[in-house]
Every structure is written in C-alpha cells, then in structure tokens.
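*Asks:* Protein chains in written order, with the working numbering: chain A, 1 to 113; chain B, 1001 to 1113. Input: one structure, supplied below.
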Amino acid sequence: DTAVSQTPKYLVTQMGNDKSIKCEQNLGHDTMYWYKQDSKKFLKIMFSYNNKELIINETVPNRFSPKSPDKAHLNLHINSLELGDSAVYFCASSHHDRNTEAFFGQGTRLTVV
Amino acid sequence: DQQVKQNSPSLSVQEGRISILNCDYTNSMFDYFLWYKKYPAEGPTFLISISSIKDKNEDGRFTVFLNKSAKHLSLHIVPSQPGDSAVYFCAAGESGSARQLTFGSGTQLTVLP
C-alpha cells in the first residue's frame, strides 16, 4: 500500500493553462505539505496545512493554491501556468504534534511548454 | 538565504569503506534534524533523525552526529554498499505548529563496487 500517493506522475502542459496535482495519504497524518524541487535540486516548502491552519511560503505566487477536501487529501491547483513553474512537486505528510519524519510521495514532474 | 547547506554536491567511495556526508545549518531555532535518501524518479525516503538534545543517533549502518555549537551534522554510513548510491538530503525542523522541514541541496553519493 502506497503511503503518500500523487497523481499524475508526469504532466506536460502549455503556458497559460490551469492544472491540478492530487495527493492522498493513508497514514492517518494530520498535516500535509507541498514541496517544489527546482532545477538546482533544492526542495523548498510551498505550503503546510492541517485542519487548523494553512501556512504559505511567502515566495509562492498566488497562482498556486492548496485545496484540502479532507484530512487525507491535499491537492495543488496552479492557475495561468508559466515556463518557470516547470519542476518536480512533492507532496508529504506527517503528524502535527510530534518531531517525526515527513513521508513523501513519488513526485509529479511538471513541464510547461 | 540557505538555512541548511550541503556543500558537497557529490561524493564517491569504495564499497566497504565509510561514507561521510556533511551538513551545516544557520538557524539556531532548529531542534530536530533528519536525513533523507532519494533515488531517481522517487520521492525522498526517511533514513535517520536526531533531536537537538542528543549528539549521536545510530541505526544499523547509519549514524548521525550533531555538533550544536558548530551547527553541523554528519551522516556516516559504514560499510558503504552499492545500493546506498543515491542523493542524500539533510533537513532541519523547528518544533512548533508548522512542522515544515528546510532541506539542503543534497549530496549525490556513489558507492563503487
């Protein structure tokens, strides 16, 4: 059973389009995250979300928005895609109140053409 | 502003020898540290962690050392095996509501048979 799963694994789309990446976790975690790995291979936090608060990295454009229909899902919506949005996006989850590791999905490689 | 730095982008070691991966951080509020391992086209997987109240944590072939005064941690793998070849990310977190991890840029470890 996959603990954190993301779909799709690959996404190629044109500039200006709106797209979504889905994420689901079956670990019973109460906090989920989106990370972006850019061309320099840095993994940077975009959002962290639990049922109490959404924390947004101030560098993330407002074209990006997380949507959480329930505790097990955190989807990433991207509007008006730009070439610079091309990257690998990772979803992750963890427990809110413990210093434990975050579990990651396999990543979604987004290519904007 | 990189709060977590891995200054060696790559490291090659012979099978059976020790691999030492290094990581430096600047934020004194970080109080737990993790190492993740990443294979191509997969998400990062948790390897080992250490809390700031300890200076060493060991799990099988993997040992993490923390030097708080120097703001430095290292991961030792001994003996190194070809299957250990992967990108290793150092990450740091701060106890609190966000539980966000700040990652280094990764070190590509190659274990030569």
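Beta carbons: idealized from backbone N, C-alpha and C, even for Gly. It should be emphasised that the depicted structure is a prediction, and the values quoted were computed from it without experimental measurement.
Note down, one range per segment and in chain order, each beta strand (DSSP E) of at least 3 residues found wholly within the stretch 1012 to 1039 of chain B.
*Replies:* 1019 to 1025 and 1032 to 1038
*Asks:* Taking all protein chains shown into account, do 16 or more other C-beta atoms lie within 10 angstroms of the C-beta of T1102 (chain B), making it buried, or fewer, making it exposed?
*Replies:* Numbered from its first residue, the second sequence carries residue 1102 (chain B) at position 102. It counts as buried.
*Asks:* Say whether chain A places a C-beta atom closer than 8 angstroms to the C-beta of S1010 (chain B).
*Replies:* Locating residue 1010 (chain B) in the second sequence gives position 10, where the first residue counts as 1. So no, S1010 (chain B) is outside the interface.
*Asks:* Residues bridged to I45 (chain A) by DSSP?
*Replies:* Translated into the one-based positions of the first sequence, residue 45 (chain A) becomes position 45. According to DSSP, which records beta bridges pairwise, I45 (chain A) is partnered with A:Y35.
*Asks:* Beta-carbon of Y33 (chain A) versus every beta-carbon of chain B: anything under 8 angstroms?
*Replies:* The residue labelled residue 33 (chain A) in the question sits at position 33 within the first sequence. Taking Cβ atoms only, chain B reaches closer than 8 angstroms to Y33 (chain A), which makes this a yes.
*Asks:* Just to make sure I have the definition right: I need the residues of chain B whose C-beta is within less than 7 angstroms of the C-beta of G105 (chain A). Which are they?
*Replies:* Within the first sequence, the letter at position 105 stands for residue 105 (chain A). The contacting residues are G1043.
*Asks:* Grab the span of the beta strand (DSSP E) containing K22 (chain A) for me, first residue to last.
*Replies:* Residue numbering aside, residue 22 (chain A) sits at position 22 when the first sequence is read from its first letter. Note, K22 (chain A): beta strand (DSSP E), K19 to Q25.
*Asks:* By the 10 Å Cβ neighbour count, where 16 or more other Cβ atoms means buried, how is D1001 (chain B) classified, buried or exposed?
*Replies:* On the second sequence, residue 1001 (chain B) is found 1 positions in, with the first residue counted as 1. Counting Cβ neighbours within 10 Å, D1001 (chain B) comes out exposed, since fewer than 16 surround it.
*Asks:* Answer yes or no: does any C-beta atom of chain A fall closer than 8 angstroms to that of S1097 (chain B)?
*Replies:* Position 97 of the second sequence holds residue 1097 (chain B). Interpretation of S1097 (chain B) is limited by its pLDDT of 48, a score under 50 that renders its predicted location unreliable; the figure taken from the coordinates is listed afterwards. By this cut-off, S1097 (chain B) is an interface position.
*Asks:* Where DSSP assigns a beta bridge to I1050 (chain B), which residues make up the other side?
*Replies:* If you number the second sequence from 1, residue 1050 (chain B) lands on position 50. DSSP, once it has assigned bridges, lists B:F1033 as partnering I1050 (chain B).
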